[in-house]
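Written out below as structure tokens is the structure these notes cover.
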Amino acid sequence: MVNNTQDSDVISGIVLPAGTVQATGYNFAEIPPSRLQGLVWEDFNDDGAVDFGEQAIAGVTIHLTGTDDRGQSVNLTMTTDDQGIFEFANLRPSDANGYTVSEDQPSGFADGKESLGTVNGVLTGAVIDHVFSNISLLLPGGDGVNYNFGERPLAGAAVHAAQTATIGFWQNKNGQDLIKALNGGPSATQLGNWLAATFPNLYGVPAGANNLAGKTNAQVAAFYTSLFKRTSSTNGPPKVDAQVLAVALAVYVTNQDLAGTTAVAYGFQVTADGVGAATFDVGSDNRVAFGLSSSDSTVMTVLDILLAADARARNGLLYDLDGSGTISSYEKLLRTMANNVFTAINKQGDIR
Ligand SMILES: [Ca+2]
Ligand SMILES: [Ca+2]
Ligand SMILES: [Ca+2]
């Protein structure tokens, strides 16, 4: 008698007749276990990807629920380890609905983006806030990986002195030296890669000639100088592009995870989250340039202000909303609003 509906591990009632007989084929089949694995991390630039300098979050509670292939309910809980990783190993296959993995939102962080993982290399499941569902592990030995929960730093206090610098600083010797000293020296490419990944429309692949991916610190410093030297008012305030990059540079150099403490010697205050998590009131007159409705708060984090500007750039041209390659009178108005805001941020936080 064989009972395959549960973990019996027993074949019973084998009656052997008298005499010499051979009883064969009493086989115990086992299946390889499946697993579901992922990461909780601080997705500082809110792009849903684990980038250079982004930190693991340990001790986050993760739940796995569902029904296995034998109809048994599964309800497991664990916490992320020092690397931010959770792994539910030794799982049976799931039923047709698949398993669900959910997160208890960690305190001290704002919710970020979830990044759907793969089972045996194939994107599998659905995602809504804090929950991956329908993760089908129908076959034994399923390998579900990279079900990742991104979190963001909480918004901090208002921008204060020693968190930014005016555009002249980044142009002068000290500012240029600081850029070139980051992450080990002038040939380091982490700053360029971070700018490209974080603000793709301004400095990434979609930015065309302004793509800073793979560019060295020396090249980024030279790129900044080229923006600073703009004098034509055809597209509105000529220095707006330098003002924006100056704020992005301040976000980078004041974040210890990204840039270490190199900027301290230049008068900046360096912290875990830096000026990116600091807040600034863009003002109701400028809200349209940052995608705010009349009911939205005009107080945003500096990083969100930059991300909103980047979302309104096309092919490296800030506020070319229609992608025409030219700046209309309305787009010029938006660039003027942006110039007001980024100039004010650089002044309010100036290292002085
Ligand atoms: Ca990221
Ligand atoms: Ca979350
Ligand atoms: Ca246009």
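In our numbering, the protein residues as written are 864 to 1215.
Using N, Cα and C, we set each Cβ at its ideal position, and we do this for glycine too.
Exercise for the section: Hey, could you find the ends of the alpha helix (DSSP H) Phe1091 is sitting in? Expected result: From DSSP, the alpha helix (DSSP H) with Phe1091 extends over Asn1080 to Phe1091.
Exercise for the section: Keeping to the same chain, check which residues put their C-beta closer than 8 Å to that of Val1068; ignore five residues upstream and five downstream. Expected result: If we look at Val1068 and ignore the five residues flanking it on each side, its Cβ neighbours are Ala1059, Asn1074 and Ala1076.
Handout entry: Three-state secondary structure (DSSP) of Asp945
Key = In the structure shown, the three-state DSSP call for Asp945 is coil.
Handout entry: Among Phe891, Ile874, Gln1026 and Thr940, nearest to Tyr1129 - alpha-carbon criterion
Key = Answer by Cα proximity: Gln1026.
Handout entry: Check whether Gly1013 and Asp914 have beta carbons under 7 Å apart
Key = Going by C-beta atoms, Gly1013 is not nearer than 7 Å to Asp914.
Handout entry: The alpha helix (DSSP H) enclosing Gly1007, as first and last residue numbers
Key = From DSSP, Gly1007 is part of no alpha helix (DSSP H) but of the beta strand (DSSP E) over Asp1006 to Val1008.
Exercise for the section: Assess, as a yes-or-no matter, whether the segment 1097 to 1108 is touched by the segment 1188 to 1206 under the definition of 3 or more beta carbon pairs within less than 8 Å. Expected result: These segments touch.
Problem - Leu1065 beta carbon less than 7 Å from that of Leu1090 - result: Going by C-beta atoms, Leu1090 is not nearer than 7 Å to Leu1065.
Exercise for the section: If I'm right that Gly1154 touches Ala1174 with Cβ under 8 Å, what's the distance once you round it to whole angstroms? Expected result: Between Ala1174 and Gly1154 the Cβ distance is about 7 Å, and since that is below 8 Å, they are a contact.
Problem - Asp1144 beta carbon near ligand 1 (any heavy atom closer than 6 Å) - result: Outside the cutoff, so no.
Exercise for the section: Compute every distance between the C-beta of Asp932 and the non-hydrogen atoms of ligand 3, then say whether any falls below 6 Å. Expected result: The beta carbon of Asp932 sits no closer than 6 Å to any heavy atom of ligand 3.
Problem - DSSP-derived helix/strand/coil call for Pro1069 - result: DSSP, read as helix, strand or coil, puts Pro1069 in helix.
Problem - Beta carbon of Val1162 nearer than 7 Å to that of Asp1144 - result: For Val1162 and Asp1144, yes; Cβs fall inside 7 Å.
Problem - Length of the line joining the Cα atoms of Ala1105 and Lys1092 - result: The alpha-carbon atoms of Ala1105 and Lys1092 are separated by roughly 9 Å.
Problem - Leu1001 (DSSP reduced to helix, strand or coil) - result: Leu1001: coil per DSSP, three-state reduction.
Exercise for the section: Decide yes or no for the touch test of the segment 882 to 892 against the segment 928 to 946: beta carbon pairs closer than 8 Å, at least 3 of them. Expected result: In this structure the segment 882 to 892 does not touch the segment 928 to 946; the number of beta carbon pairs closer than 8 Å is below three.
Exercise for the section: Please name the residue, chosen from Leu1121, Asp944 and Leu1196, that lies closest to Ile1042 on a Cα-to-Cα basis. Expected result: Considering only alpha carbons, the answer is Leu1121.
Practice task
With distances taken Cα to Cα, identify the nearest neighbour of Ala1051 among Phe1032, Lys1078 and Ile1030.
Solution key: Ranking Phe1032, Lys1078 and Ile1030 by Cα distance to Ala1051 puts Lys1078 first.
Practice task
With DSSP collapsed to three states, give me the class of Val865.
Solution key: Of the three classes helix, strand and coil, the one that applies to Val865 here is strand, per DSSP.
Practice task
Measure the Cβ-Cβ separation of Ala1084 and Gln1039 and say whether it is below 7 Å.
Solution key: Against a cut-off of 7 Å, the Cβ pair of Gln1039 and Ala1084 comes out as a contact.
Practice task
Check each candidate in Thr963, Val1127 and Pro1016 and name the one with the smallest Cα separation from Ala1044.
Solution key: Closest by C-alpha distance to Ala1044, out of Thr963, Val1127 and Pro1016, is Val1127.
Handout entry: Residues sharing a beta bridge with Thr1199, DSSP
Key = DSSP lists no partner for Thr1199.
Handout entry: Beta-carbon separation (whole angstroms), Val1022 vs Val1133, contact threshold 8 Å
Key = Not confirmed; about 15 Å, so no contact.
Problem - Cβ neighbours of Val865 in the same chain (closer than 6 Å, five flanking residues each side left out) - result: Correct list, in chain order: Ile874.
Practice task
Kindly examine ligand 3 and report whether one of its heavy atoms sits closer than 6 Å to the Cβ of Asp1167.
Solution key: No, ligand 3 has no heavy atom inside 6 Å of this Cβ.
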